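Undergrad:
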Amino acid sequence: MRGLEEWLPFEDALATAVGRGSPDPTWLAPLLSAEGDDAQRLREAADGVRRRFVGYEVHLRALVEITSYCCRNCMYCGLRRDHTSQPRYRMSPSEVVALARQAASIGYRTVVLQGGEDPCLDRETVARILSDIKASTDLAVTLSLGERSYDTYARWREEGADRYLLRIETTDPALFASVHPDGNLRRRMQCLEDLKRLGYQLGTGVLVGLPGQTALSTADDVIWMRDLGAEMLGVGPFIPNPDTPLADTPGGALDQALNLVAVLRLVFPNAHIPATTALGALDPMGGEKGLKAGANVLMPNLTPRTQRESYALYPGKPIVDITSATCRDAIVARIEAIGRRVAADHGHVHRLTE
Ligand code: SF4
0 MRGLEEWLPF
10 EDALATAVGR
20 GSPDPTWLAP
30 LLSAEGDDAQ
40 RLREAADGVR
50 RRFVGYEVHL
60 RALVEITSYC
70 CRNCMYCGLR
80 RDHTSQPRYR
90 MSPSEVVALA
100 RQAASIGYRT
110 VVLQGGEDPC
120 LDRETVARIL
130 SDIKASTDLA
140 VTLSLGERSY
150 DTYARWREEG
160 ADRYLLRIET
170 TDPALFASVH
180 PDGNLRRRMQ
190 CLEDLKRLGY
200 QLGTGVLVGL
210 PGQTALSTAD
220 DVIWMRDLGA
230 EMLGVGPFIP
240 NPDTPLADTP
250 GGALDQALNL
260 VAVLRLVFPN
270 AHIPATTALG
280 ALDPMGGEKG
290 LKAGANVLMP
300 NLTPRTQRES
310 YALYPGKPIV
320 DITSATCRDA
330 IVARIEAIGR
340 RVAADHGHVH
350 RLTE
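If you number the sequence shown the way numbering that gives the first Met the number 0 does, the last residue is 353 and the count never jumps.
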């Protein structure tokens, strides 16, 4: 058991991180636990690395939540199968393609098609959607549709899917099992390996603040993601959903999530790191704070309002109508207000290292 006495003092830990030391719990854990002035210095260091390696541009990814059906029962999620009072929807393929075209017409370069693990959204249905989007737009397409077979991932890649997001959530076997009663950590890891082998730009990430989670466990997650070769990294603070078994569990704090964003930027200087919507659910300025702690991606939600209200992963999710060009302009203005600019390109991953 690695104890507190093995942690480097904060100063040494930060110097090791900035010096691109090999990721190790002895310096990752003290950074992940930083508070007050130390936390501020960590974020400033990460912001400096962000400037140096990925610049001032912020990539906008238009998020479309295409189905709220899910066959799984994750303990923290409002879309879990046993949440039977949750209204559900599944967009038709033509609806998804129309939203993607709308995203392209108002200036987005990437569309993210996200959903629960919905067996009715099968291999060929998604393949047709991909084919139609690729034939009628110049969008990069990111998929986030959960654990699927190698053949399914291969088929979607063949139809032009560029990227895939599948969060590992935690690499701690006991913690993973406790919040994924019908999940299998090895299977999820295998899916990520399959996606990498198929040449997807690979996205994963973790939940922060799960009950029983420690800084050492999160440090292990960071090392695992590094070994995997992840290229896009999402941090989701655990926000208790009143309609789940974890309703009364204390949630993850914004500061904890921002520390992890900063640590990820230090460990993965070239990666795409979103300031996730969940940061905005904890703090109206959560997006900006994420961008100042090392993030370089925002994912505005283009799901139509009526459906978005039924896609209740966690409480407090912003339900702002941002489907129009005017609303995109408002996001651009927020980015420019912190001295950043919106990227004009597709924002594919940076595979070159310095
Ligand atoms: S986290 Fe994903 S897989 Fe788990 S219940 Fe929610 S939507 Fe389904």
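Backbone N, C-alpha and C fix where the C-beta goes; we use that ideal spot for every residue, glycine too.
No experiment lies behind these values; they were computed from the predicted model shown.
So what does PRO8 bridge to, in DSSP terms?
TA: Indexing the sequence shown from 1 puts residue 8 at position 9. Its beta-bridge partners do not exist; DSSP assigns none.
Undergrad: Report the rounded CA-to-CA distance for CYS154 versus SER21, giving the unit in angstroms.
TA: Here residue 154 refers to the residue found at position 155 when the sequence shown is read from its first residue. Here residue 21 refers to the residue found at position 22 when the sequence shown is read from its first residue. The residue you asked about is not Cys; residue 154 is Arg in the sequence shown. When rounded, the distance between both Cα atoms is 36 Å.
Undergrad: Grab me the residues of LEU206's own chain with a C-beta within less than 6 Å of its C-beta, minus the 5 sequence neighbours each way, in chain order.
TA: On the sequence shown, position 207 is the one that residue 206 refers to. The residues are GLU168, GLY235 and PHE237.
Undergrad: Which residue marks the beginning of the beta strand (DSSP E) containing MET231, and which one marks its end?
TA: The sequence position of residue 231 within the sequence shown is 232, counting from 1. That run of the beta strand (DSSP E) goes 231-236.
Undergrad: Tell me, please, which residues DSSP counts as bridged to TYR163.
TA: Locating residue 163 in the sequence shown gives position 164, where the first residue counts as 1. TYR163 is bridged to LEU142 and LEU201.
Undergrad: Return yes when the C-beta of GLY233 is under 7 Å from any heavy atom of the ligand SF4, and no when it is not.
TA: Along the sequence shown, read from residue 1 onward, the residue named residue 233 stands at position 234. No, since every heavy atom of the ligand SF4 falls outside the 7 Å radius drawn around the Cβ of GLY233.
Undergrad: Is the Cβ-Cβ distance between LEU194 and VAL221 less than 8 Å?
TA: In the sequence shown, the residue the question calls residue 194 occupies position 195. In the sequence shown, the residue the question calls residue 221 occupies position 222. The answer is no: Cβ separation not under 8 Å.
Undergrad: Please confirm whether any heavy atom of the ligand SF4 lies closer than 7 Å to the CB of LEU78.
TA: For the purposes of this step, residue 78 is identified with residue 79 of the sequence shown, where counting begins at 1. Result yes, Cβ under 7 Å from the ligand SF4.
Undergrad: Determine, using beta-carbon pairs with one atom in the region 122-138 and one in the region 77-97, whether at least three such pairs fall under 8 Å.
TA: Yes, the region 122-138 touches the region 77-97.
Undergrad: Considering Cα atoms alone, identify which of LEU278, MET284, GLY285 and THR325 is closest to LEU301.
TA: Within the sequence shown, numbered from 1, the residue matching residue 301 stands at position 302. The option with the nearest alpha carbon to LEU301 is THR325.
Undergrad: Applying the criterion that 16 or more other CB atoms from any shown protein chain within 10 Å of the CB defines a buried residue, is SER104 buried or exposed?
TA: Translated into the one-based positions of the sequence shown, residue 104 becomes position 105. Exposed.
Undergrad: Roughly how many angstroms separate the alpha carbons of LEU227 and GLY202, rounded to a whole number?
TA: The residue you call residue 227 lines up with position 228 of the sequence shown. The residue you call residue 202 lines up with position 203 of the sequence shown. When rounded, the distance between both Cα atoms is 10 Å.
Undergrad: Could you check what DSSP says for VAL63 in three-state terms: helix, strand or coil?
TA: Position 64 of the sequence shown, counted from the start, is the residue given in the question as residue 63. VAL63 falls in the strand class under three-state DSSP.
Undergrad: For a quick check, are the C-beta atoms of GLY77 and ASN240 less than 8 Å apart?
TA: Here residue 77 is taken as the residue at index 78 of the sequence shown, counted from 1. Here residue 240 is taken as the residue at index 241 of the sequence shown, counted from 1. It is a contact, given that the beta carbons lie within the stated cut-off.
Undergrad: Can we count GLU308 as close to the ligand SF4, meaning its CB is less than 7 Å from some heavy atom?
TA: Counting from one through the sequence shown, the residue named residue 308 turns up at place 309. Flag unset: Cβ of GLU308 not near the ligand SF4.
Undergrad: Okay, do the region 63-81 and the region 276-296 touch, 3+ Cβ pairs below 8 Å being the bar?
TA: With the cut-off at 8 Å, the region 63-81 and the region 276-296 do not touch.
Undergrad: For LEU297, which residues does DSSP report across the bridge?
TA: On the sequence shown, position 298 is the one that residue 297 refers to. LEU59.
Undergrad: Can you list, in chain order, the residues of its chain whose CB lies under 6 Å from that of ILE330, leaving out five sequence neighbours each side?
TA: Stepping through the sequence shown from its first residue, residue 330 is reached at position 331. Once the five neighbours on either side are set aside, the close Cβ partners of ILE330 are PRO299.
Undergrad: Can you tell me whether PRO249 is buried or exposed? The criterion is at least 16 other CB atoms within 10 Å of its CB, across all chains shown.
TA: Here residue 249 refers to the residue found at position 250 of the sequence shown. Counting Cβ neighbours within 10 Å, PRO249 comes out exposed, since fewer than 16 surround it.
Undergrad: Rounded to the nearest angstrom, what separates ALA218 and PRO24 at their Cα positions?
TA: Here residue 218 is taken as the residue at index 219 of the sequence shown, counted from 1. Here residue 24 is taken as the residue at index 25 of the sequence shown, counted from 1. Approximately 5 Å between the Cα atoms of the pair.
Undergrad: Would you kindly work out how many angstroms separate the C-alpha atoms of LEU253 and THR141, rounded to a whole number?
TA: To locate residue 253, count along the sequence shown from 1; it is residue 254. To locate residue 141, count along the sequence shown from 1; it is residue 142. Taking the straight line joining both Cα atoms gives about 26 Å.
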